[in-house]
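Everything on this sheet refers to the single structure shown next.
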Ligand SMILES: [Zn+2]
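In my numbering, the protein residues as written are -7 to 377.
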């Protein structure tokens, strides 16, 4: 077996590439790619595909009708025909509407880069490309085939990407996710909550609020009582959260409303709590006489439990130590495509992307110095998997 390249040598090589990394990051951030804008996501995906082709990867564009296309870049294993595979995951889309770049231009200051999607997760896409460069410069090919899969709708639930993510994960021995790191010290994410969304629709009966109120059934009141009920299911210390984030209903103040609906965000730390919550939601029954209640939805991302990450984290920690980095870990409430792969039982390590802060906000930024470090970490990890 070929000796793994030294992580420190790769870091040294990558440090000399920091300006090139920053330049590519600028191109990527300026190519805006809001999840709902297929044309824009496809244009940006085209740029990413070009970069991978330039590096000799076998690139496939997985076409989608409504959402952006996915980009799959395959890097052959050492010796050519290894069956074993490692999956590196990320997404092309951002949460920012087209034109955000006008108010939030890509800019550099105080050792950081700002811009829409710079942290979540165009920085991660740059890290992957330069990790491949560092391995190539070290004349090293990982022992396993590496598939870099860039999805197009992670920020809106991955409806158009999930089956591909799961298909590639099932063929893989490990999944590395380039979502943003946690904290300014770049902790990886070894557990994530599962995330779901329920819709509660209350139906009552309309009536005049003054003339015949006794004939009406107030759907808003029914909904309010239901929200009070489900809010009691919050157990923050156990990692269960239930949040009614949107409500609507009614027409005029003098009409007893016949319809009201609420959208509720739910999160849970483990699969058992997830299933119990789903069961409780679907078992909801009307409270007011004559009212009806309909429940739709469920969890769309199962929890990523730590047991799926533990062994990979230990490996990553060892590699990081060679780079002089004490790699911490974190448990977070937000979901990613790593939730899908971990739930299949495939070892998954998340948060290997850029170091920064302010994801999904006007102050989103990353630490430039950390770009070569994260690329070295990914390259070194790929070389030992
Ligand atoms: Zn992301």
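C-beta atoms are modelled at their ideal positions from N, C-alpha and C, and glycine is treated no differently.
Taking residue 227 as reference, the option from 282, 245, 268 with the minimal CA-CA separation is 268. Relative to ligand 1, residue 112 has its C-beta within less than 7 Å of a heavy atom. In the three-state scheme derived from DSSP, where H, G and I count as helix and E and B as strand, residue 160 is classed as helix. In the three-state reduction of the DSSP assignment, residue 198 falls in the coil class. Judged by DSSP secondary structure, residue 42 falls within the alpha helix (DSSP H) whose first and last residues are 30 to 46. Cα atoms of residue 194 and residue 257: separation of roughly 17 Å, rounded to the nearest angstrom. Taken through DSSP and simplified to helix, strand or coil, residue 96 comes out as coil.
A contact is defined here as three or more CB-CB pairs under 8 Å, and the segment 204 to 217 meets this definition with respect to the segment 243 to 259. Here the segment 100 to 117 makes contact with the segment 75 to 86; the two share three or more CB pairs at distances below 8 Å. Counting along the chain, the unbroken alpha helix (DSSP H) around residue 123 starts and ends at 115 to 129. Three or more beta-carbon pairs separated by less than 8 Å are not found between the segment 221 to 238 and the segment 310 to 319, which leaves the two stretches without contact.
Nearest neighbour of residue 64 by Cα position, chosen from 260, 140, 17, turns out to be 140.
When distances are taken from the beta-carbon of residue 144 to the heavy atoms of ligand 1, even the shortest one reaches 7 Å or more. Runs of the beta strand (DSSP E) lying entirely within the segment 139 to 191, each at least 3 residues long, are 166 to 169, 180 to 184 in chain order. For residue 77, the pairing in a beta bridge is given by DSSP as 137. Assigned with DSSP and collapsed to three states, residue 90 falls in coil, not helix or strand. Sequence-distant Cβ neighbours of residue 347 in its own chain, meaning closer than 6 Å and more than five residues away, are 173, 178, 359, 362. Placement of the Cβ of residue 171 at a distance of less than 7 Å from at least one heavy atom of ligand 1 is found. Uninterrupted alpha helix (DSSP H) stretches at least 4 residues long and entirely within the segment 212 to 292 occur at 263 to 274, given in chain order. Not a single heavy atom of ligand 1 lies less than 7 Å from the C-beta of residue 153.
In this structure, the C-beta of residue 83 approaches ligand 1 to less than 7 Å from one of its heavy atoms.
DSSP lists 180 as the bridge partner or partners of residue 321. Around the beta carbon of residue 165, a 10 Å sphere encloses fewer than 16 other beta carbons of the protein chains shown; the residue is thus reported as exposed. Excluding the 5 residues flanking it on each side, residue 130 has same chain C-beta neighbours closer than 7 Å at -3, 1, 2, in chain order.
Ranked by how close their Cα comes to the Cα of residue 116, the residues 306, 351, 377, 235 have 351 in first place. Residue environment: residue 160 is assigned as buried (16 or more neighbouring CB atoms within 10 Å of its CB, all protein chains considered).
At the C-beta level, residue 337 and residue 322 stay beyond 8 Å of one another. Using a cutoff of 7 Å, the CB of residue 328 counts as near ligand 1, since one of the ligand's heavy atoms is closer than that. Annotated three-state conformation of residue 55 is coil, per DSSP.
Residue 157 is positioned such that its CB atom lies closer than 8 Å to that of residue 333. A Cβ-Cβ contact shorter than 8 Å links residue 56 with residue 144.
Listed as beta-bridge partners of residue 5 by DSSP are no residues whatsoever. The beta-bridge partner set that DSSP reports for residue 296 consists of 184.
For residue 62, the beta-bridge partners assigned by DSSP are 54. Excluding its 5 nearest sequence neighbours in each direction, residue 124 has C-beta neighbours in its own chain below 7 Å: 47, 67, listed in chain order.
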